[in-house]
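To start, the structure under review is shown below, and the notes come after it.
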Amino acid sequence: MTAPDGTLRPHPTEPGRAETHLAAPAVQNHAANLTVLPGGDLGCVWFGGTQEGVADISVWFSRLAPDADTWSLPVRLSADDTRSEQNPLLFPAPSGDLWLLHTAQRAGHQDTAEVRLRVSQDEGATWGPARVLFPATEQGGVFVRQPVVHLPGSERLLLPVFRCVATPGTSWSGDRDTSSVMISDDGGRHWHERPVPGSTGLVHMNIRPLPDGSLLALFRSRRADAVHSSTSHDGGETWTEPRPLDLPNNNSSVQYTVLADGRLALVYNHSSAADASARRVSLYDEIDDEGVAGTSSGTTPTGDAFWGAPRAPLSLALSSDHGRTWPRRYDLETGDGHCLTNNSRDGLNRELSYPSVTQSQDGTVHVAYTHHRRTIKHIRLDGDWLKREFPA
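The sequence shown runs 1 to 392 under full-length UniProt numbering.
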């Protein structure tokens, strides 16, 4: 691995590809999200600290100017020492403000999570105070992961969320999580929720408007079986029941974007539970109730949520039929994807996961993802690289 200094360097064998590891402000760095900012900079946010679920986990922010080859040093954007602050995302709001949204939970209990919002009026140079946008309820916590969508030609905003629900008398495991869409028609002052039918166990809903005016959502599956998809034809008010695609999923995040040429570009792990050598107890089997990282309890896993499927390879797939089929695939990085522990301190995790993908105005495609839970890796792909022949 090259030094995590944020400097993009040409790939030794692939013309048109450059990559870097962003500076690592903490032992563990995870869950990046990329956004093209109004001024043209590429912004990246992620969470970092000792270990996911621990209260020292905070949100970090770095940026890359359009004509630069080195990312800025990370800046910390959250500071609640009682909660683990996770899954950040940036949104350039129609008002001209830049939003930062992220979750905040107690210890490893996602059913206590709330969504918080900070606003910047100067493209991220300074930020206003954090406030709770969506609180946890008796029905469970609320999480975000994927970008806010501003529907073209309207004031409507769509924010996909998932509800983290624990079975009474047991700790949260992910089995009962469901997806919803928060909708605002007044710039985010008021929101109403639209649940996705049949979405139990399907999370990280990733919504994009398609050229035909419909909306396509792709989902991570807690069952580690397949990527699922759902569509809406009324601006996000109603959704079809998600169905599995012919793409594997390993109970880890996926993200896609609509390219300028109309194709869909999806980054994901081409693996599933069928590729697993063992099964983890849960996502937080190494976090105690005080939010301290320790060792696995060894409890026998129960329920439908499958944890521990390999988080590799990191693959890019392309669709030319609005996401119905994905016949072209390229592995951006390979490895064993070992993730039977979240331990970053001892280097025991080798996942390539939680990708984010976006295209800048010059046609360049950017991908950021978790590299072994130690750093955030950025890959830059120019237009010539994207024209290459992908294997069927």
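Backbone N, C-alpha and C fix where the C-beta goes; we use that ideal spot for every residue, glycine too.
Counting along the chain, no alpha helix (DSSP H) covers Trp99; the unbroken beta strand (DSSP E) around it starts and ends at 98–106.
Bounds of the beta strand (DSSP E) holding Asp246 are 243–248.
Here DSSP, grouped into helix, strand and coil, assigns Trp71 to coil.
For Glu14, the CB contacts under 8 Å within the same chain, skipping 5 residues up- and downstream, are Trp385 in chain order. When secondary structure is reduced to three states using DSSP, Trp385 falls in the helix class. A Cβ-Cβ separation of about 6 Å places Leu64 in contact with Asp41 under the 8 Å criterion. DSSP places Ala309 in the coil class of the three-state scheme, outside both helix and strand. For the 8 Å CB-CB criterion, Gly43 and Phe61 form a contact. In this structure, Ser72 lies away from His102, with their beta-carbon atoms at least 8 Å apart. Under the Cβ criterion (8 Å, minimum of three pairs), the stretch 343–351 does not count as touching the stretch 316–328.
In the DSSP assignment, Gly335 falls outside any beta strand (DSSP E) and carries neither an H nor an E. Residue nearest to Val254 within the set Asn206, Ala260, Thr231, Asp275 is Asn206 (criterion: CA-CA distance). The beta carbons of Ser179 and Val203 sit about 6 Å from each other, so the pair counts as a contact at 8 Å.
Distance between Gly49 and Gln28, taken at the CA atoms: about 5 Å. Glu333 and Asp5 have their C-alpha atoms roughly 20 Å apart. Look at Asp111 here: in three-state DSSP terms it is strand. Residue pairing by DSSP places Ala18 opposite Pro10, Arg380 in a beta bridge.
Counting along the chain, Val144 sits inside no beta strand (DSSP E), nor does DSSP assign it H or E at all. The continuous beta strand (DSSP E) containing Ile183 extends over residues 178–184. In this structure, the beta-carbon distance from Arg83 to Arg106 falls below 8 Å. Where Tyr256 is concerned, the enclosing beta strand (DSSP E) starts and stops at 255–258. Taking C-beta separations shorter than 6 Å and ignoring five residues to either side along the sequence, the partners of Pro310 in its chain run Ser271, Asp275, Gly337, following chain order. The Cβ atoms of Leu218 and Pro209 do not sit closer than 8 Å to each other. For the 8 Å CB-CB criterion, Leu157 and Trp127 do not form a contact.
In the DSSP annotation of this structure, the continuous segment of the beta strand (DSSP E) that includes Ala217 starts and ends at 215–221. Per DSSP, the continuous beta strand (DSSP E) segment holding Asn206 begins and ends at 202–209.
For a cut-off of 8 Å, the C-beta gap from Val267 to Trp239 is around 23 Å, too long to register as a contact. Rounded to the nearest whole angstrom, the CA to CA distance from Ser199 to Pro242 is 7 Å.
Cβ-Cβ distances below 7 Å link Arg263 to Leu318, Ser319, Ser320 in the same chain, with the five nearest sequence neighbours on each side left out; the list follows chain order. Here the C-alpha atom of Asp382 lies approximately 15 Å from the C-alpha atom of Tyr330. Annotated three-state conformation of Ala274 is helix, per DSSP. Excluding sequence positions up to five before and after Ser58, its CB lies within less than 7 Å of the CB of Phe47, Gly48, Gly49, Arg76, Ser78, Ala79, Glu85, all in the same chain and listed in chain order. Distance from the CA atom of Gly201 to the CA atom of Pro211, rounded to whole angstroms, is 29 Å.
Ala31 is a Cβ neighbour of Thr370, given a cutoff of 8 Å.
Judged by DSSP secondary structure, Glu85 falls within the beta strand (DSSP E) whose first and last residues are 84–92.
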